[in-house]
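Each remark here refers to the structure printed beneath this line.
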């Protein structure tokens, strides 16, 4: 009897080959097994069916309902490289089968955290504005130009959500401030305290933070929980950094708070992307915009590839994956992708 | 015999009363002794002479040559609140007399470090540019918009100078990267290694760093040591953050490297301030400008006041000051102020 | 229809009521649901069967084969408070059912890590010996008495195993030394590097470490892997701390290395416990003995109770447990308990 | 004109050549200048006088009164390698001359801190006692043997004194506990808070600490300040580690508290050393004794040599010393050596 080398099936759309299968990555994966790939669209059904029998690891968002999972008798892991959970998998059955369901979300988090710190400093210190003023000769020097500046040092900071993003942001914040409050309804107070954080009810967090980092994922029941009323309780002139999902906030209310000059806001995600050409959003004052640039950069994809290679190697050796995030079936099923 | 309460003399120009003597600060200082003040200009000679006999602590940049120091028999400390050493004091004689000569420079460093991290992220991630693109509808989403983005995470970073600024910046950098090289001709390799840093010759540091932080003070013999030739050795597309003194760099050469698109540059200090209205500097592309805003903000002055109050209290109690920087007579004499 | 409050069944033998159900703990658990308990022995079958139908959480080592798991339709979690995995559960089927299988092992780890640091310093600095010498007037002062002393500061340290114990020990070691090597066949090099550790082959680790911490669990295939030949490669006069399981080492060979004075050894666990009264082990020189005292102290049980309460609350609320260790079915099945 | 290479004079008694002038050290120093040495006793006056004219650096405790300082026109630094300040120098005049007066005390601190942590764990966990019990077959296993054990984890800890020893101990304590209180009358509350410590009045510290680390130096006015009355306020069963100077405590009262079983005590320093052969101290129960072994080990002397070489190089290059401690003239004059 011949033992076949394990089959790795890569179906990563909307991720591209450049993102997830560089030549070096391909060499690594081919060193571990056979490789079948499909790029540019979701893999067609006949291709998927043709690999089911043998496939050991699926890298991508291939639809894997119960029937397909049953037919994939050798399947050990499914690796979602899109970072958000989608309803493409029967999570409960995959767990029952002992199939690892993993997400590359942790690989994006360092870039989002870096972005968030950068925008927080930009809001507090007015750096982009300072450049614009200098270019037109309207700059004022030293403290005269710093009338509205404040600092992240020693500031009370609130994190809404403490998943991958919060975990990546916290070590960057610690050398600035010891006052890090967290609201996350999925985590217990005792756990947050064991992480050196202050668990806080949402309303308290909003009303006491100089900086509010919105890092919560979108679920089936948290749409718009940062409502106009709640946004109104954030202290005057505080900075709000929206870095995870636009659905969790009343987007128009957030822009209104910025337009009136009451809050300083950085926004990377939108209710609709791309934003329509003529959208009035583009004119909002007191907002630092970016076009979903926080996480999706080459450094993040390099991290995805490295985590993926290392965890596939562990899994094919019968060892636990160490880098990628494991699906909590219940939470994965609640997550809203887009 | 009556013991007089110690006399504190405040002569802080160009610092203002708002910067260094808020009502709370005044209450604290008057709790420790008598207070004489002069604001708005350097204190006139007759006022200085009238306090010399009794003064215990001078807060400010009062000229204190040897003769005045000899006449100030009760003087215990001089606190420079301008942050840069000036040639206003006979440093050697003050030391011989056992007079503490102290600088508020450490109080400014956290703000400069925060600014420097912010600009490094701005250069690497193109945040200000992203906002401008979004406002005109020219944004590209996700990795399509991040073609030139890179990250501070795991990047090789070089610090030129490891004084107050370097010491404040290092803890902010550590959660991003373990590769922090330092060039500082005043410090030994063994000392830098004991701080967890990699001592590096200037030329090596320049040619291997993805981010170069220029944090060196200006001295009588380091003008323009970051010459055009040296700037040319910095790797293509690296980020350079100039946060200490413009004199240490060939300023036009630095702008040229930015104009040609070879380097990304953030500049907070200029050879001449204010910059002349029609200066061509203002048009340099690939530069993030700010008008000497890195350190001089209210948070820094609050820190000056807190350090000053605490150290004056220590000194009047015969105890060592703990916060402000002590003058090294030789280094203080070499420093170039402006 | 009445909704019954969830049933928590506690069957913790050999853990006692004092260890896992203080009055405060009972109050907390009764606040979350109904409580059934059995102490002093494993719960009799009829008691177990009588609760199966309703039980939501089992705290203890109740035998839960597939049949019982099938009958326990409401079961959400099994919490092993003995810390070692045992073959009492059908781990694969529990996972398939989505039942959390959790261990209190992380609660014991801080105490074991503290013990291990203490014994490492004792071996290196000769503290117990110094006390004995002083009591009989044979002490020598200062460096004369420190002829054999060495330090954990800046020493090369090797951890064999990086599970709960290694994770708890590492932060205690970091302020002493930057040279922490790890051998753990279950973990990838890239993962260990991401933790700031140096992955190392076992033979290299043994031959280069000044301190060797044996922290590996016993599995079905690692008995005695620290053989006489391997122990012989540890550098002369190094310290070896055995803190996890005696089965992983050739115990007699380890004592021989201590008896000849070649190694300094601390031993907390034995192939047979209690050690027979007349065992020759008790006479071994150059060994610091303790009677399985590293982990099992009141502080550890307090931590078990706190983790258990918090995770039961999460689980009953449909949220993921945050403190206790989740079973890897394959690893749990390999673990050898005693 | 010939420029003579600088003269380094080494007169380190009671330090020996083996401690401060290994062959490697000699090579380094001879690379920087000429070297004159005297070992085995304090250098005779005629030798001292013969080098005064040229000496640039004195390493040792040579008596340097004002007259000698005046005659040593080229002297740049005096390096005390005994670690305690002595009244051998006119500190004020040395400062007036701009002569660096430095102490090797920071080099001893890591070893003392390691010793202190080790003894704290020994007291809390009863490790030496556990070994003795095992050897006579009186051991009890697991929690049965841990009836009196407690942990440094999360314990309230008090440091009396925050000089070199406190600074070296604090990073070792942090991974165990966040509750570190400090009493040091030389330091302001604001400074201690800026170090992340809780300043505390002595009486509060004593009455609330589970572990008391006595790290204070002896001065002309603090003899016996840890009096019997004050020791009586320490909570029952707390651990007291005496690691700096015996003079600061009522030594008999401390032993009495241990003898009665009220406190657990570790003692490394004694009012008289060597302790007389027949001293009753040797019989004290509940004490872990050591014979002034905390700091004086080869690793500490290696650190002295490294710091000394590096700072001599800095000083001869006209740069500030970075490792050794600078004398505060007033504090140095108050220090009581022995």
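Protein chains in written order, with the numbering used here: chain A, 3 to 340; chain B, 3 to 340; chain C, 3 to 340; chain D, 3 to 340. The C-beta atom is built at its ideal place from N, Cα and C for all residues, glycine as well. Please read these numbers as outputs of a predicted model, since none were measured by experiment.
Non-local C-beta neighbours of residue 212 of chain D in its own chain, meaning closer than 6 Å and more than five positions away in sequence, comprise 157, 158, 240, ordered along the chain. In this structure, the beta-carbon distance from residue 315 of chain A to residue 34 of chain A falls below 8 Å. In chain order, 303 place their CB closer than 6 Å to the CB of residue 21 of chain C, counting only its own chain and leaving out the 5 sequence neighbours on each side. Among the CB atoms of chain C, none fall inside 8 Å of the CB of residue 56 of chain D. DSSP, reduced to helix, strand and coil, places residue 252 of chain A outside both helices and strands of the structure shown, so it counts as coil. Residue range 182-185 is occupied by the beta strand (DSSP E) that includes residue 182 of chain B.
Listed in chain order, the non-local C-beta contacts of residue 329 of chain B below 6 Å within the same chain comprise 93, 103, local neighbours out to five positions each way being set aside. Inside the segment 261-311 of chain A, DSSP marks whole beta strand (DSSP E) runs of 3 or more residues at positions 266-269, 289-291, from first to last along the chain.
Annotation: the segment 102-179 of chain A contains the following complete segments of the beta strand (DSSP E) (minimum length 3 residues), in chain order: 102-105, 159-162. Contacts with chain D at 8 Å (Cβ-Cβ) include residue 315 of chain B. Between residue 296 of chain A and residue 107 of chain A, the C-beta gap is not smaller than 8 Å, which leaves the two residues out of contact.
Within the segment 79-92 of chain C, no residue places its CB atom closer than 8 Å to a CB of chain D. Non-local C-beta neighbours of residue 60 of chain B in its own chain, meaning closer than 6 Å and more than five positions away in sequence, comprise 11, 80, ordered along the chain. Per DSSP, reduced to three states, the secondary structure at residue 66 of chain D is strand. Distance check between residue 199 of chain D and each of D/217, D/223, D/173, D/205 places D/173 closest, using alpha-carbon atoms only. Counting along the chain, residue 36 of chain B sits inside the beta strand (DSSP E) bounded by residues 36-39. Looking at C/235, C/250, C/270, the one whose alpha-carbon comes closest to that of residue 243 of chain C is C/270. When secondary structure is reduced to three states using DSSP, residue 236 of chain A falls in the coil class, being assigned neither helix nor strand. Counting along the chain, no beta strand (DSSP E) covers residue 202 of chain B, and no H or E run does either. Residue 110 of chain C is outside the set of residues whose beta carbon lies under 8 Å from a beta carbon in chain A. Cβ proximity to chain B below 7 Å picks out nothing from the segment 101-131 of chain D. Its chain contains 85, 297, 302 as the residues whose beta carbon lies nearer than 6 Å to that of residue 110 of chain C, once the 5 sequence neighbours on both sides are disregarded; these appear in chain order. By the C-beta density criterion, residue 222 of chain B is exposed, having fewer than 16 other C-beta atoms within 10 angstroms.
With fewer than 16 other CB atoms across the displayed protein chains lying within 10 angstroms of its CB, residue 25 of chain B is exposed. Remark: C-beta atoms of residue 260 of chain D and residue 286 of chain D approach each other more closely than 8 Å.
In this structure, residue 161 of chain D and residue 182 of chain D form a Cβ contact; the two beta carbons are roughly 7 Å apart against a cut-off of 8 Å.
At a cut-off of 8 Å, the C-beta of residue 310 of chain C has no neighbouring C-beta in chain A.
Around residue 311 of chain A, the same chain offers 30 as residues with beta carbons nearer than 6 Å, after the five sequence neighbours per side are excluded. At the C-beta level, residue 126 of chain D and residue 154 of chain D come within 8 Å of one another.
Less than 8 Å divides the Cβ of residue 237 of chain C from the Cβ of residue 209 of chain C. In this structure, the alpha-carbon of residue 169 of chain D lies about 11 Å from that of residue 176 of chain D.
The Cβ-Cβ distance between residue 105 of chain C and residue 326 of chain C falls below 8 Å. Chain A places a beta carbon closer than 8 Å to that of residue 331 of chain C, counting this residue as a contact.
Among the residues facing chain C, residue 188 of chain A is included, as its CB has a counterpart in that chain under 8 Å away. The Cβ-Cβ distance between residue 98 of chain D and residue 98 of chain B falls below 8 Å.
Judged by their CB atoms, residue 57 of chain A and residue 77 of chain A are nearer to each other than the 8 Å cut-off.
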